[in-house]
Amino acid sequence: MFHMSAETLTKKFREAIINCEEASVVKDIAQELAKTKVNPIDVIQNDLVLAMKEVGDRFERGEYFLTHLMLAGEAMEAATDVLTRNLKEEGRKTLENAARKARKVVIGTVKGDIHDIGKNMVALLLRANSYNVFDLGKDVNPKNFVDEAEKVKADVIALSALLTVTRPFQADVINLLKERGIRERFKVLVGGGPTTADWAESIGADGWAADASETVKLIKRLFPD
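First residue of the sequence shown? That's 200 in the working numbering, and the numbers climb one at a time after it.
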């Protein structure tokens, strides 16, 4: 990669992300890019974002699978770390402002449920579509969902449940929001094996999605901007 122009390196960088290369490969390219006069903010906001969107699109078309999303996500994190390492204060503020403008999604698997593959797919695909994702993991208490949503000023709370016995905790999150008088601040989405559109309606959720791709489409419909 030595002696390559910034333009060539940028192209290789995009292609490496889209082709779901190992994080170490993308990191090496990012390190070479950092040595050029290219603006790292432009690389992150344009090339990286567009490359991740292409990965997300290919996943939605059935051309890519969970493994591809995971590889692209790891590569994105590695590249971002390299490109932001030596940013000046002005550059950091630019990225922080962009992050604040992005829609925020708090996501997790509800209390008592340790299944997270589906939830992880949703989180990865949301990140690929430039959403700001706060993943609380699995076995998450209703209070933790609400506290985090308030803390980060989330737009969406996405609740996953893979067991019929844990499904009621999705309703508990909504009820807690109502108790605190903040229900209208957030769109609450539910998903997972035992959930349905009828279930979502019965507990007062704002929507239900059958899979990761449908979740992204649903949020785009809720927030068309």
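Here a beta-carbon is modelled for each residue, glycine too, at the ideal position from N, C-alpha and C.
Self-check item: Residue nearest to glycine 392 in terms of C-alpha spacing, selected from Ala399, Phe385, Ala348, Ala409
Solution: Here residue 392 refers to the residue found at position 193 of the sequence shown. Nearest in C-alpha terms to glycine 392, of all of Ala399, Phe385, Ala348, Ala409, is Ala409.
Practice problem: Let me know the alpha helix (DSSP H) ranges lying completely inside the region 336-411, each 4 residues or longer, listed in chain order. | Solution: If we require 4 residues or more, the alpha helix (DSSP H) runs fully inside the region 336-411 come out as 341-351, 367-378, 396-401.
Quiz item: Over what stretch of residues does the alpha helix (DSSP H) that includes valine 254 continue unbroken?
Solution: What you label residue 254 is simply residue 55 of the sequence shown in a count that begins at 1. Boundaries of the alpha helix (DSSP H) around valine 254: 248-259.
Quiz item: DSSP three-state call for lysine 310: helix, strand or coil?
Solution: Locating residue 310 in the sequence shown gives position 111, where the first residue counts as 1. Annotated three-state conformation of lysine 310 is coil, per DSSP.
Self-check item: Three-pair Cβ contact test at 8 Å for the region 302-321 versus the region 364-372
Solution: The region 302-321 vs the region 364-372: in contact.
Quiz item: Got a sec, what are the start and stop residues for the beta strand (DSSP E) asparagine 331 sits in?
Solution: Mapped onto the sequence shown, residue 331 falls at position 132. Asparagine 331 -> beta strand (DSSP E) spans 331-334.
Quiz item: Quick one: what does DSSP say lysine 236 is sitting in, helix, strand or coil?
Solution: The sequence position of residue 236 within the sequence shown is 37, counting from 1. If DSSP states are grouped into helix, strand and coil, lysine 236 belongs with coil.
Practice problem: Starting from the Cα of methionine 320, find the closest Cα among Leu286, Val372, Ala271 and give me that residue. | Solution: By one-based count along the sequence shown, residue 320 stands at place 121. Check the Cα spacing between methionine 320 and each of Leu286, Val372, Ala271: the tightest is with Ala271.
Quiz prompt | Element boundaries [alpha helix (DSSP H), containing isoleucine 217] | solution = Here the question's residue 217 lines up with position 18 in the sequence shown. Boundaries of the alpha helix (DSSP H) around isoleucine 217: 205-217.
Quiz item: Whose C-alpha, out of Lys416, Ala411, Pro423, is nearest the C-alpha of tyrosine 263?
Solution: Taking the sequence shown and counting its residues from 1, the one referred to as residue 263 is at position 64. Out of Lys416, Ala411, Pro423, Ala411 has the C-alpha closest to the C-alpha of tyrosine 263.
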